[in-house]
Every structure is written in structure tokens, then in C-alpha cells.
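Encoded as C-alpha cells, the structure appears first; notes follow it.
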Amino acid sequence: MNRPLFTLVVALTALAGCSTNSIYQDQPLVAKVDTGMTQEQVRQIGGQPLAVSDRTVEPGTCFDYKLTHADHQQPYNVSFDGRGMVDHKSFMTCAEWSHTQLKAREPSRPSGGGGY
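For the sequence shown, the positions run -16 to -1, 1 to 100 when mature numbering (1 follows the signal peptide of the UniProt record, and there is no 0) is used.
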């Protein structure tokens, strides 16, 4: 997939999730965790994560959480740089975040189309 198309897919996916994820905006992990916080500060806010994994694209660590509201569950991750400081959070698992980062780093491939 070429980079502009990939960017569009990611943007549309994020927009589609906005309405669903808005029900979680008041949850402490979403509302209170900010870039630059330590792992301990995040644990104080969100509790023990479901899983802790090493990041695969950039050095660091990632915490997986599951947000719950009524009958809905939503994955949520908080990602830490090599110094242990929050540098990303999103409504996806750590594995999905790593995959997204990896795809974004892939070089653009020519889209073909007849070889003019």
C-alpha cells in the first residue's frame, strides 16, 4: 500500500473510532494520562495493565489496558519511550500500535499502472 493511501486509511479509521471512543473520554487513563508521565504515574491512574510488552519498532515499553463502559470494551494502550516516559496513547492494542508504526516506516512502493 502506498503511503498516501495508508495515511488515508489510518485517518479514516481514527475518525470512525472517534464516536465510539468518545464514551471513554472521561475515564482516567484517557483523561489524565499525558505525554511525559512516568510508568509509575500511569499505574497510579490506571492501575496494573493487562499486559506489558517491549516495543518492537522504537525502544521502549507498552502497557495494554481494556476500557469498559456498560457492555462495551475497548482496547487502549499507553506507550513509553526508552526513558520510560509516555510518548503515545491510543485506542488500540500495543500489537496494533507496533504494526501501525512498522507499516508507516515501510518505503513507498510504485503503484504500477502500465509503465509509461
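Think of the CB as a built atom: it goes at the ideal place given N, C-alpha and C, for glycine as much as any other residue.
Per the C-alpha coordinates, the member of Thr52, Ser6 and Tyr60 positioned closest to Glu80 is Tyr60.
For a cut-off of 8 Å, the C-beta gap from Val70 to Gly20 is around 6 Å, short enough to register as a contact.
In the three-state reduction of the DSSP assignment, Pro12 falls in the helix class.
The three-state reading of DSSP puts Leu51 in strand, counting E and B together. Excluding sequence positions up to five before and after Gln28, its CB lies less than 7 Å from no other CB in the same chain.
The C-alpha of Val17 is placed about 20 Å away from the C-alpha of Asp38. Residue pairing by DSSP leaves Pro33 without any beta bridge partner. Secondary structure of Ser63 (DSSP, three-state): strand. A direct Cα-to-Cα measurement between Pro33 and Pro91 gives close to 33 Å. No Cβ-Cβ contact shorter than 8 Å links Phe75 with Gly44.
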